[in-house]
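One structure is given here, and the rest of the page talks about it.
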Amino acid sequence: MNKQPNLKILLIVNGILHSISACMAGVWISELVSSSGAMTPLAWFETALAVVAIAIGLSAMSYIAIRHIPTLPQTVRGAAKAAFIGGYTAIAAVLLLAAASVLGAPAGERAHLEFAHQEFKTETELRRRAVSTIENREPFLIDCENVGDAMSNQEGATGAFSREGGDVGRVAITLSNIADGCKSARNSIYANRAFLSRQFARADRILIDLRRVIDSENDRHKKMIDARKLADEWQRVMRGINDALATEALFAASESLTKDWHAAGLPVAAANAITQNFDGIADALVEGLEDIAALKERPLPGIPVVSNIAYLGMYPDATLSALAIGAIIEVIPLAVILLGMSMMERANAPRAPVSPSPLPALAASPEIAVRPKRPYKRRAPKADA
């Protein structure tokens, strides 16, 4: 009868590791059954039942795999082993993600807040540069206004651009309207300057407060709530800044300079003079404004609610260690199971009967001659002295 190996140590090690894995999954389950964060008695009961079921189920699978699969006939043992390894690997992958999400949640939340803070800074700086770009259009608007007024006055006084006898009044009014359009665009930029200055100062204060929240020692739940409040306030400030960016006024001023004046019915000389004097200004006014207009339409970043398991894919650099630890927790039990199955298969393997080793052959030797027995001579008794 074959002697069975003692596998108690392997089963105990697997039971401990399965209990750890079940506890990690229990934390994950607790977040599923209590979305608000507060654990009710029913939620505790559900979580405890799930932990016990996972631990017992995995330990029972280990016992069955180690004790019974190696005793199956050779024809079905390979298929049974492959089916067990495939099923266990699928379960281990889910538990690996659960364990990694629990272990990597603090690092994932910190990376989530840091990424959001960096996005807020980037978007704020983009809008600050957009405001500077728009304000740098003021010299062109001033030139447009001055040139338009000068040409209008000259046309009204001398009819220089309508070539004497042309439509003097209409050309002068057109030039005056061009100057008024540039003046209105410049006034809209001036009107928003103080408002934008206050809004950017407020945005900077929000970013400073968010940095303090991230670096504070508060509870993770409270820290995330405070950060989301600041993110909502930052979004309101950015929407106000977007509305104050005077891109529409500049586009309108540029369009008023680039009309088809010939089709509008102006004299040829006047239309050519307006085109020659204002086309360069029109192009300068709208240079780069398409990017600013797209920036205004782009959705603002925030701090969305993200599950712990999503951090593993969003911030792999911060959660890689958690994935490694989760893999170790789940791979070691499988290795122990395979080791136990190998030991059982060796113990149950049939042994071939041991045949006695043949005796060494005697070396060929000549026949041994048998000496003939000598006749026994009886000695005579010694004579008495």
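Reading the sequence shown from the start, the letters are residues 68 to 452 in my numbering.
Ideal Cβ placement from N, Cα and C applies to all residues, glycine included.
Values in this document were obtained by computation on a predicted structure and should not be read as measured data.
Report yes if the C-beta distance between E192 and I281 is below 8 Å; otherwise report no. no
Distance, Cα to Cα, A461 vs R196? In this structure the chain extends from 68 to 452, so residue 461 is not present and cannot be described.
Figure out for me which residue from S219, E98 and I404 has the closest Cα to the Cα of N344. S219
Nearest to V118 by alpha carbon, out of I392, L367 and I87? I87
If we ignore side chains and look at the alpha-carbon of each, how far apart do D346 and S323 end up? 10 Å
Euclidean distance between Cα positions of G307 and D293: 22 Å
Closer than 8 Å is the cut-off here; do at least three beta carbon pairs connect the stretch 351–359 with the stretch 287–303? no
By a C-beta neighbour count over all protein chains shown, 10 Å radius and 16 as the cutoff for buried, is M411 buried or exposed? buried
Kindly give me the distance between the Cβ atoms of A320 and G248, rounded to whole angstroms, as I take these residues to be in contact under 8 Å. 5 Å
Less than 8 Å between C-beta atoms, sequence neighbours within five positions excluded: which residues of the same chain meet that for G145? none
Identity of the residue in A391, T342 and M305 nearest P366 by Cα: M305
Are A174 and A389 closer than 8 Å when you measure CB to CB? yes
Please classify F262 as buried or exposed, where buried requires at least 16 neighbouring CB atoms within 10 angstroms. exposed
Between which two residues does the alpha helix (DSSP H) harbouring N213 extend? E205 to T225
Kindly say whether W111, judged by its beta-carbon, lies nearer than 8 Å to any beta-carbon of chain D. Structure shown: chain D not included; a single protein chain is present.
Going along the chain, which unbroken runs of the alpha helix (DSSP H) with 4 or more residues stay wholly within the stretch 332–408? 335–353, 356–364 and 375–381
Presumed contact (8 Å Cβ cut-off) between P368 and A183, rounded CB distance: 7 Å
For the alpha helix (DSSP H) that S323 lies in, which residues bound it at each end? T314 to L324
DSSP state of F182, grouped into three classes? helix
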